[in-house]
Structure formats: C-alpha cells, structure tokens
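Asker:
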Amino acid sequence: MQKLKIGILISGRGSNMHSIIRACKQPNFPVEVAVVICNRPDAKGVQIAKDEAVNIVVVDHKNFADRPAFEAEMHHHLIENGVELVCHAGFMRILTEAFVTTWLGKQINIHPSLLPSFKGMHMHERVLKAGVKITGCTVHYITLELDSGPIIAQTAVPVLSDDDVASLSGRVFEAEHQLYPHVLRMIAEKSCYLDGDIVRHKNDLVAEPSLYSPTLHTY
Ligand code: GAR
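Residue numbering for the sequence shown is 0 to 218, as defined by numbering that gives the first Met the number 0.
1) Roughly how many angstroms separate the alpha carbons of Ser56 and Glu70, rounded to a whole number?
2) Helix, strand or coil, according to DSSP, for Val198 in the structure here?
3) In chain order, which alpha helix (DSSP H) runs of at least 4 residues are fully inside the region 32 to 101?
4) Let me know if Glu144 comes out buried or exposed under the rule of 16 or more other beta-carbons within 10 Å of its beta-carbon.
5) Measuring alpha carbon to alpha carbon, tell me which of Phe90, Leu8 and Ala155 ends up nearest Val32.
6) How would you label Pro111, buried or exposed, when you count the other beta carbons within 10 angstroms and need 16 or more for buried?
7) When DSSP labels each residue in this structure, what does Met0 get in the three-state scheme?
8) Which whole-angstrom value is the C-beta distance of Asn80 and Val30, which I expect to be below 8 Å?
9) What residues match up with Tyr179 in a beta bridge as DSSP calls it?
10) Tell me the DSSP secondary structure of Glu207 in three-state form.
11) Leaving out five residues on either side along the sequence, give the residues of the same chain with a beta carbon under 7 Å from the beta carbon of Arg170.
12) Pull up the distance between the alpha-carbon of Glu207 and that of Thr137, whole angstroms please.
13) Tell me whether the beta-carbon of Arg92 lies closer than 7 Å to the beta-carbon of Asn54.
14) Measure the beta-carbon distance from Ile151 to Val99 and round it to whole angstroms, keeping in mind my assumption that it falls under 8 Å.
15) Is it right to say Asn202 is buried, meaning 16 or more other beta carbons lie within 10 angstroms of its own, or is it exposed?
16) Rounded to a whole number of angstroms, what is the C-alpha to C-alpha distance between Ala42 and Asp161?
17) Return helix, strand or coil for Gly11, following the three-state DSSP convention.
18) Taking Cβ to Cβ, would you say Lys2 is nearer than 7 Å to Val82?
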C-alpha cells in the first residue's frame, strides 16, 4: 500500500500529534508520519515524538531573523522527507502568504470549535459565555484567512450546564483525537476532495460521515 506521507507541525502538548502517530501505527492505516516539526524546544510533544520513535525536528522560530527564514527551514524539512500533506496540530505560528500559497490544498489544521463559529483563541471561554449547547472541533484546509479554509469534517460535542473550561476542553479533545485520524484516512483514500472552496465527500451519508453528533433520545 502506497501511504500518504504527512508532516505534523506542533508547538505544545502534542496530544493530537500523538493520536495521529498511534493511528499510523495501526495495520492498514493508509498514512505515515514522515516528520514532526516543533517550533519550541521545550514542548511536551517533542518528548512524545521521541518516545514514539518518530522523526522529529525542532525548528525554533527564535533562531531565525524573520518569518520567511523560519518557514524556509520548515519547508526544507518537509520536502526532504517527501511530505505530501502538512498537518497542523496545535501549531501556534502565523504563516506568511508565501508559505500558505506554496502548500495550498496540501495543508490542514484542527481547531477546537465548530467553525466558522469561535475562530481564534480562548474559544472554550467564549463558547461557555455565549451559552451555546453544542460545540465541537473542525478539520479544515488552511487558507490565508485564519481558521477560515474549506471544512473537511466536524465533530459535535455537547456543552453541559456545569461545564468549565477544563471539562469542556477535555471533552472536545477526545473528539479531536478521533476526528483527525479519521480525516487523514479520508484524504489518503481520496473519499473526499476539494471542489473550489467546498470539500465534497463521496460517501458522506454512508460509510464516511463528515459530521459526528451526540445521540438524542427518541420520545
Ligand atoms: C488543540 O485543541 C487544537 O485544536 C488547538 O490547539 C490544541 C493543541 O493541543 N489548535 C488551535 O486552537 C488552532 N487554532 P495538542 O498540542 O495537545 O494537540
């Protein structure tokens, strides 16, 4: 089986990266991690990648004169490792237009809300303040506008009355860890594709749903 080669970009805890690495270790999973790139030497995810014996490179943004120089180094590692798809997993650097354009249609991100709602930072605080009853997570292609590219798949997560940020983010994290590997499988198997600004699914109501939602009781 020809596997899809991915590069994972991280900045911190690395729990989404870990879920992807675990999925890639399953037999018949059509994706392989070619390289992990982390921009913070002290990030927890660096040690996780090492423990999992995955190829990890630290590209510390502080060592570069400007953003293009930092990105050129990341690009070099992505190309050198034959990366076909760049996967952001808690990567917290704003990218230049040049880097986004170079990887357009080949760069995806996970965001812990149901986009286009609650873009940006501190989304769980804002979700709780708004009183919405459903939040979730979204995997989307990266475009020039932050958290705005074509949506590939989403998971709905209930917001409960006694939730605080910790309980809610924990529930969303669980969903993220299931959704990201699922999306990677769909992309590798070409069961979804970009059609202009929209991602279409070949089987979305049958075998490969692009939305997961909490089950409701029938009365
Ligand atoms: C995740 O919740 C991810 O969705 C979020 O950062 C966290 C990283 O956690 N990303 C964003 O907010 C991007 N806008 P992790 O390092 O444990 O995967």
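Where is the CB? At the ideal position from N, CA and C, for every residue including glycine.
Answerer: Taking the geometry as given:
1) It should be noted that the sequence gives Val, not Ser, for residue 56. Approximately 13 Å between the Cα atoms of the pair.
2) strand
3) 43 to 50, 66 to 79 and 96 to 101
4) exposed
5) Residue Leu8 is the option with its Cα nearest to Val32.
6) buried
7) coil
8) With a Cβ gap of about 14 Å, Asn80 and Val30 do not count as contacting.
9) Beta-bridge pairing links Tyr179 to no other residue.
10) Reliability fails at Glu207, whose pLDDT of 49 lies under 50, so the model's placement of it is uncertain and no value is given.
11) Val156
12) Since pLDDT at Glu207 reaches only 49, below the 50 mark, its modelled position is unreliable, and the value read off the structure follows with that caveat. Near 15 Å, if we compare the C-alpha coordinates of Thr137 and Glu207.
13) no
14) Incorrect: roughly 17 Å between the Cβ atoms, too far for contact.
15) exposed
16) 31 Å
17) coil
18) no
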